[in-house]
Amino acid sequence: MQTFSKILAAVAALALTVSCDSFFDVNLQDQADFEGLLSKRSSVRKYVSNLYTYLPRDEHVDKYEGGVVLRSDEALFGASQHPSVMYKVRWGDYGSATVNGDENSTIWNRYYQAINQCTILIENLHLDKEDPADYIAYMRAEARTLRAFYYFCLFRHYGPVIVWGDKMADANVEGSTLDRNTVQENVDFMVSQIDLAVPDLPLTVAEVSTLSERTDRGRVTRGMALALKSRILLYAASPMFNGCDLYKGVKNLAGKDIFPQEADPSKWEAAEKAAREVLALEQYELVQPKGTSFQDYADAYSSVFFENWNSEIIWGWWFRTWAPTDPYAGSVGGLLAASVPMNLYGSSPLYGWQLITPSLKQVDCYPMFSTGRYPVTGYERDGKGLNYSRPQVDAKSGYVMDGWEENYKQPVDASWAPAFKAHKSTVGRDPRYYASLVPNGFWWPNKDLKVRVTDFQKPAKEVLDAMSAADKADPEKVPTNAWQPAGNINRVGYTWRRWYKANTPLNTTADYANIRMVYPEFRLAEIYYNLAEACNEQGKLSEACEALNKVRNRVGLNNIEVAYPELDQALMRWCIRQDKMAEFGMEAQRHYDAIRTLTAKAEYPCDNWTLHLKADNYEDSWQRVNTDYNGEYPAVFTDRDYLFPMSAELMAEMVNYTQNYGF
């Protein structure tokens with residue numbers, strides 16, 4: 000049997016023979032046993048729980064679906080000796096033949112298995128004899144919504160795919176007869192499933208008679224379904240999926256245009272309506288500051304991650320009983336370990352690898368606090384793309400790119416820290432800047448550690464030369480793993496601390512493993528950005544401003560129309576993108592936004608720009624250079640990179656399937 004048929008045939012068997020350690024240990028041999036399985040409340044619950052094992056790993060930005068963070072322009076990755084798939088994709092080292100055998104190639108298989116698992120449950124819930132009717136109706140709606148979500152996970156990665164509809168995939172299908180459904184057919188099916196599900200979905204899981212907030216948080220709700228609908232319809236209205244020139248004239252086996260041939264402006268109206276449906280639930284609100292201090296604003300933003308199930312989270316990953324070795328689906332301990340720097344110079348070390356860092360472009364996107372304007376409007380270009388050492392600065396923003404601020408007091412999470420000499424580019428920024436980044440020379444936000452980030456980045460000899468004889472004699476104070484030029488550590492000049500709560504010890508692997516948080520796949524801020532964008536594209540500037548201001552005001556920024564008296568539709572479009580890049584830094588949204596808006600080709604290509612951290616003094620380290628990065632090749636992006644290719648293995652069977660552009 001060929002590859003694609005193997006995948007489909009395995010799915011039906013999977014439902015009957017799943018064994019996830021002790022979680023779902025059944026081995027059924029015939030249909031009678033299957034009917035017996037779904038007639039039992041305990042078995043049905045396990046089956047439903049299994050549907051959540053396919054959730055994407057958007058929080059794992061080093062690989063899997065979250066690896067698109069490294070493919071985008073918001074981050075750099077330092078593990079050049081062990082490059083992840085997305086790290087290689089960044090410089091163009093991939094193709095349809097090379098996606099096999101890595102985490103990228105599992106996306107097709109896993110989501111079609113998930114889709115068919117959902118369909119099996121939908122078709123067989125009538126066998127459940129022990130659960131009340133409202134719970135059975137809920138589970139059917141839950142499975143429909145998850146099925147739509149898994150189709151969307153395929154859609155954002157590959158573009159339109161094969162839609163089996165409200166039935167099982169045909170395990171006996173001939174691969175040569177398969178081709179992708181159209182964009183509109185993909186969108187229509189996903190939306191139809193959500194619309195069917197919504198009437199039977201609760202606002203909170205506690206509304207369902209057999210569920211509780213304590214044990215079932217993270218299951219599908221009405222808000223999650225409508226937030227998914229909002230995201231789907233925003234994509235459908237966007238240029239990539241609404242009149243993209245790359246796919247003009249491309250038809251599938253049925254003779255249908257796979258992509259819309261002309262842009263349909265009315266799709267923005269549908270996207271606006273979908274965003275308003277979420278807001279109309281009046282179930283969620285942005286986490287608000289407790290006061291009006293700068294720290295209060297930063298705390299409000301940080302609380303989205305640090306306060307589990309806060310008022311802003313619509314749906315997120317949480318505890319998974321099916322994964323005993325890593326049960327917390329939203330755990331970002333491993334990600335944090337890859338982000339924070341390493342300091343083994345004292346008795347209270349900070350132990351990390353500093354492989355993942357924000358790009359200088361991510362750093363530049365945060366607005367100025369006093370004016371509310373975004374300081375960098377673009378960059379000059381060189382032969383490799385955008386030149387981050389030559390930003391185009393908005394003179395009205397109040398941003399100063401060069402010079403020094405003496406006796407500067409760090410404004411967030413460091414009231415205990417002495418004043419220091421700060422680079423002017425780090426002064427006066429949005430609270431989100433300080434809640435997300437630790438710039439070169441700033442204090443690491445831990446009152447017990449009391450070290451500046453520059454301490455982490457000194458070569459071992461420099462540290463030893465500065466130590467007293469007594470300290471050199473103390474093994475705990477002698478550096479054992481300082482930075483070396485050939486190492487994997489990534490020294491951009493800014494450490495990413497978005498997932499680090501101030502004063503949290505990170506001395507051991509257990510410290511990282513104990514970090515538990517809800518990863519917010521859907522949060523209310525996204526809905527406001529969706530609404531702002533949809534309104535702006537329809538020329539509703541004042542309504543777009545109102546939506547964007549909700550997010551800006553939460554961190555103390557003035558209204559966008561006050562910051563920009565000259566605001567028009569084009570400028571507002573750019574402001575929305577800039578603010579969303581700041582708000583959702585490293586949350587696996589930026590790449591998909593750059594894809595659906597067809598802006599990645601202009602925004603991604605660049606050399607590997609960092610601060611000059613190989614300089615021998617603090618002042619010179621603030622130069623922007625393309626010579627210090629410990630990676631390999633510059634970022635590239637061509638028309639073929641907007642959608643990932645189907646693997647050559649699948650294409651060898653599905654010989655008439657329309658491959659994505661450029662492959």
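Residue numbering for the sequence shown follows numbering that gives the first Met the number 0, beginning at 0 and increasing consecutively.
Backbone N, C-alpha and C fix where the C-beta goes; we use that ideal spot for every residue, glycine too.
Bear in mind that the values here come from a model prediction, so they are computed numbers and not experimental data.
### Task
Measure the Cβ-Cβ separation of Ala421 and Glu404 and say whether it is below 7 angstroms.
Working through the sequence shown from its first residue, we reach residue 421 at position 422. Working through the sequence shown from its first residue, we reach residue 404 at position 405. Contact: yes.
### For Lys420, the first and last residue of its enclosing beta strand (DSSP E)
On the sequence shown, residue 420 is found 421 positions in, with the first residue counted as 1. First-last of the beta strand (DSSP E) with Lys420: Phe419 to His422.
### Query
Pick from Val550, Ala533 and Asn557: whose alpha carbon is nearest that of Gln568?
Taking the first residue of the sequence shown as position 1, residue 568 is located at position 569. Checking every option, the nearest Cα to that of Gln568 belongs to Ala533.
### Query
Count the other CB atoms within 10 Å of the CB of Leu252; is the residue buried (16 or more) or exposed (fewer)?
Looking up residue 252 in the sequence shown gives position 253. It counts as exposed.
### Query
If you count every other CB in all the chains shown that lies within 10 Å of the CB of Leu69, and 16 or more means buried, which is it?
Reading the sequence shown from its first residue, position 70 is the one you call residue 69. Flag for Leu69 reads buried.
### Straight-line gap, Cys364 to Arg576 (C-alpha atoms, nearest Å)
Stepping through the sequence shown from its first residue, residue 364 is reached at position 365. Stepping through the sequence shown from its first residue, residue 576 is reached at position 577. About 9 angstroms.
### Task
In the DSSP assignment, find the beta strand (DSSP E) that holds Phe662 and state where it starts and stops.
Looking up residue 662 in the sequence shown gives position 663. Taken as a continuous stretch (DSSP letters only), Phe662 belongs to no beta strand (DSSP E), as it is neither H nor E.
### Query
Based on Cα-Cα distance, which residue from Val197, Asn307, Val186 and Gln282 lies nearest to Gly217?
As a first step, residue 217 must be located in the sequence shown, where it is residue number 218. Nearest C-alpha to Gly217: Asn307.
### For Tyr632, the three-state DSSP class (helix, strand or coil)
Locating residue 632 in the sequence shown gives position 633, counting from the first residue. Coil, per DSSP.
### Query
Going straight from the alpha carbon of Ala132 to that of Lys228, what length do you get?
Here the question's residue 132 lines up with position 133 in the sequence shown. Here the question's residue 228 lines up with position 229 in the sequence shown. Going from the Cα of Ala132 to the Cα of Lys228 covers about 26 angstroms.
### Message
In this structure, how does DSSP classify Tyr246 when only helix, strand and coil are distinguished?
### Response
For the purposes of this step, residue 246 is identified with residue 247 of the sequence shown, where counting begins at 1. If DSSP states are grouped into helix, strand and coil, Tyr246 belongs with the helices.
#### Entry: Pairwise C-alpha distance: Cys152 and Val160
On the sequence shown, position 161 is the one that residue 160 refers to. On the sequence shown, position 153 is the one that residue 152 refers to. Note on geometry: alpha-carbon atoms of Val160 and Cys152 lie some 11 angstroms from one another.
### Message
For the structure I just gave you, are there three or more beta carbon pairs, one from the stretch 636 to 646 and one from the stretch 391 to 406, closer than 8 angstroms?
### Response
Verdict: no, contact absent.
### Task
Report the residue from Ser467, Gln588 and Ser396 whose alpha carbon sits nearest the alpha carbon of Ala562.
What you label residue 562 is simply residue 563 of the sequence shown in a count that begins at 1. Nearest option by C-alpha distance: Ser396.
### Message
Looking at the secondary structure, which residues open and close the beta strand (DSSP E) in which Leu83 lies?
### Response
Residue 83 sits at position 84 when you count from the first residue of the sequence shown. Here the sequence assigns Ser to residue 83, which means Leu is not the residue at that position. Ser83 -> no beta strand (DSSP E), and no H or E assigned at all.
### Task
Can you give me the Cβ contacts of Ile193 inside the same chain, cut-off strictly under 7 angstroms, excluding the 5 residues immediately before and after it?
On the sequence shown, position 194 is the one that residue 193 refers to. Its chain contains Thr144, Ala147, Ala224, Leu227 and Lys228 as the residues whose beta carbon lies nearer than 7 angstroms to that of Ile193, once the 5 sequence neighbours on both sides are disregarded; these appear in chain order.
### Task
Quick one: grab the DSSP three-state call for Phe583.
For the purposes of this step, residue 583 is identified with residue 584 of the sequence shown, where counting begins at 1. Correct three-state label for Phe583: coil.
### Message
What does the alpha-carbon distance come out to for the pair Arg623 and Ser388?
### Response
Position 624 of the sequence shown, counted from the start, is the residue given in the question as residue 623. Position 389 of the sequence shown, counted from the start, is the residue given in the question as residue 388. Taking the straight line from one Cα to the other gives about 5 angstroms.
### Task
Over the uninterrupted alpha helix (DSSP H) stretch that includes Thr494, give me the two end residues.
Locating residue 494 in the sequence shown gives position 495, counting from the first residue. Thr494 -> not in any alpha helix (DSSP H); beta strand (DSSP E) instead, spanning Tyr493 to Trp495.
#### Entry: alpha helix (DSSP H) runs contained entirely in the stretch 339 to 379, provided each spans 4 or more residues
Counting only runs that start and end inside the stretch 339 to 379, the alpha helix (DSSP H) elements of at least 4 residues fall at 359 to 363.
### Residue from Tyr433, Pro340, Asn502 and Ala136 with nearest C-alpha to Asp447
Position 448 of the sequence shown holds residue 447. Nearest of Tyr433, Pro340, Asn502 and Ala136 to Asp447, Cα basis: Asn502.
### Host alpha helix (DSSP H) of Phe305 (start-end)
By 1-based counting over the sequence shown, the position of residue 305 is 306. For Phe305, the enclosing alpha helix (DSSP H) starts and ends at Phe293 to Phe305.
### Task
Please work out which residues of its chain come closer than 7 angstroms, Cβ to Cβ, to Gly315, disregarding the five sequence neighbours upstream and downstream, and give them in chain order.
Translated into the one-based positions of the sequence shown, residue 315 becomes position 316. So the list reads Gly217, Gly329, Val517, Tyr518, Pro519 and Glu520, once near-sequence residues are dropped.
### Task
Pick helix, strand or coil for Ser620, following the three-state DSSP scheme.
The residue you call residue 620 lines up with position 621 of the sequence shown. Ser620: helix per DSSP, three-state reduction.
#### Entry: Cα-Cα separation, Leu505 to Tyr511
Within the sequence shown, the letter at position 506 stands for residue 505. Within the sequence shown, the letter at position 512 stands for residue 511. Leu505 and Tyr511 have their alpha carbons spaced roughly 6 angstroms apart.
### Query
Ordered along the chain, which non-local residues of its own chain (more than five positions away) have a Cβ less than 6 angstroms from that of Trp663?
This structure does not reach residue 663, given that the chain is present from 0 up to 662, and the question cannot be answered.
### Message
Let me check understanding here. Comparing Cα to Cα, which of Asn557, Val88 and Thr626 lies closest to Ser369?
### Response
Stepping through the sequence shown from its first residue, residue 369 is reached at position 370. Of Asn557, Val88 and Thr626, the residue nearest in Cα terms is Asn557.
### Query
On the three-state DSSP scale, how would you describe Asp256?
If you number the sequence shown from 1, residue 256 lands on position 257. In the three-state reduction of the DSSP assignment, Asp256 falls in the strand class, which pools E and B.
### Query
Along the chain, where does the alpha helix (DSSP H) that runs through Asn180 open and close?
Residue mapping note: residue 180 aligns to position 181 of the sequence shown, counting from 1. Looking at the DSSP string, Asn180 is not in any alpha helix (DSSP H), and its letter there is neither H nor E.
### Query
Taking the C-alpha atoms as reference points, what is the distance between Pro259 and Leu233?
Here the question's residue 259 lines up with position 260 in the sequence shown. Here the question's residue 233 lines up with position 234 in the sequence shown. When rounded, the distance between both Cα atoms is 15 angstroms.
### Test: Leu69 CB closer than 7 angstroms to a CB of chain C
Judged by its chain identifiers, the structure shown contains no chain C, having just a single protein chain.
### Query
Using the C-alpha atoms, what's the distance from Asn513 back to Tyr398?
Position 399 of the sequence shown, counted from the start, is the residue given in the question as residue 398. Position 514 of the sequence shown, counted from the start, is the residue given in the question as residue 513. Approximately 39 angstroms between the Cα atoms of the pair.
#### Entry: Bridge-paired residues (DSSP) for Ala74
For the purposes of this step, residue 74 is identified with residue 75 of the sequence shown, where counting begins at 1. Bridge partners of Ala74: Pro357.
### Task
Given a cut-off of 7 angstroms, decide if Ile121 and Ala142 are closer than it, judged by their beta-carbon atoms.
Locating residue 142 in the sequence shown gives position 143, where the first residue counts as 1. Locating residue 121 in the sequence shown gives position 122, where the first residue counts as 1. In this structure, Ala142 places its C-beta atom within 7 angstroms of the C-beta atom of Ile121.
#### Entry: Trp90 - DSSP class collapsed to helix/strand/coil
Here residue 90 refers to the residue found at position 91 when the sequence shown is read from its first residue. When secondary structure is reduced to three states using DSSP, Trp90 falls in the coil class, being assigned neither helix nor strand.
### Query
Can at least three beta-carbon pairs, one atom from the stretch 38 to 53 and one from the stretch 573 to 588, be found at a separation below 8 angstroms?
In this structure the stretch 38 to 53 does not touch the stretch 573 to 588; the number of beta carbon pairs closer than 8 angstroms is below three.
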